[in-house]
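For reference, the structure discussed in these notes is given below.
In our numbering, the protein residues as written are 1224 to 1569.
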């Protein structure tokens, strides 16, 4: 698969690194309005994980200033969209109309309705959405266990994703540009919940608001199975030293799986490595690799290549599931604003 990156910010940099390590995909082009970035100077890019951005060698890459220019390049199989969220919908529409395959960074759109419309417009296998959690080893482990029935029936779980002030993201709380913690942060867990448990029937969310946007919130989800107890919390705590924290505890009939990671602003971190508590009292500590976050993106890019080259669509990249995750976020937003449970349409 030959790919071109659209948008050279933090995610563009991380995807660039993933292409360098991939044996299934080749980066052949990128598009940026910034002349300095087109010349290879990516040193000003800021983010919250991975190696710092640097000067890159562009001698073997086609560089474009506009999407229209890149769409005219017939050698590109897939456009990898790494633009700010509010630009995703228009860029995806253009790529689909041009007949290109698309890998769009999450969120696909800023509402479930807009995302569902895009998914419906795409030909089978044409639209892929880059949700990274299912490719991270700790989340891949629990997803594989659920799919295989390794520990019996799923009984529920709780998910957490909390950060300090995200100063590296302009307009973070603007519902029309980024969407705040719900659409930018919690959508990761909404997507994983949708993959693992199917679409919840209803949700009840309470939280603190920043204007019209939830800043910190807790949600309880109801599914078709009354035995499933499922919840999530996410958002921003205003203290700048508050670490980025994510993790889960997932309950099966025969085991509980737990994981948590926290990264502090001073460079320190804490980790509760993935652990499995079995029904017989034994405790398992699976070995999941060296923890390099870029490797998860390599797996994601390789899955996109399998979709383009072989028609094998990984569920984590499915545009319809990505749209469902945003419909779930929409229901959470309605619930926190009204103070009432919200039924989710099938």
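Using N, Cα and C, we set each Cβ at its ideal position, and we do this for glycine too.
* Please list the segments of the beta strand (DSSP E) lying wholly inside the region 1413-1490, counting only runs of 3 or more residues, in order along the chain. => 1425-1433, 1436-1445, 1452-1459, 1467-1475, 1478-1486
* Asked: For residue 1379, which residues of its own chain have a beta-carbon under 6 Å away from its beta-carbon, when the five flanking residues on both sides are left out?
  -> 1451, 1452, 1453, 1474
* Is the beta carbon of residue 1224 less than 8 Å from the beta carbon of residue 1244? -> no
* Helix, strand or coil at residue 1260 [DSSP, three-state] -> helix
* With DSSP run on the structure shown, which of helix, strand or coil describes residue 1283? -> coil
* If you check the beta carbons only, do residue 1242 and residue 1250 fall under 8 Å apart? -> yes
* Asked: Cα separation between residue 1449 and residue 1273?
  -> 41 Å
* **Under 8 Å between C-beta atoms of residue 1409 and residue 1552** => yes
* Asked: Should residue 1509 be labelled buried (16 or more other beta-carbon atoms within 10 Å of its own) or exposed?
  -> exposed
* DSSP three-state call for residue 1519: helix, strand or coil? -> helix
* Asked: Three or more C-beta pairs closer than 8 Å, one from the region 1548-1562 and one from the region 1409-1429: is that the case here?
  -> yes
* Measure the alpha-carbon distance for residue 1257 versus residue 1227 and round it to whole angstroms. => 16 Å
* Asked: What are the boundary residues of the alpha helix (DSSP H) that includes residue 1268?
  -> Careful: residue 1268 lies outside any alpha helix (DSSP H) and carries neither H nor E.
* From what residue to what residue does the alpha helix (DSSP H) around residue 1340 run? -> 1335-1344
* Asked: Between which two residues does the alpha helix (DSSP H) containing residue 1316 stretch?
  -> 1311-1320
* To do: Classify residue 1226 as helix, strand or coil using the three-state DSSP reduction.
  => strand
* Look up residue 1305 in the DSSP assignment and say whether it is helix, strand or coil. => coil
* Start and end residues, beta strand (DSSP E) containing residue 1380 -> 1377-1386
* To do: Could you check what DSSP says for residue 1507 in three-state terms: helix, strand or coil?
  => strand
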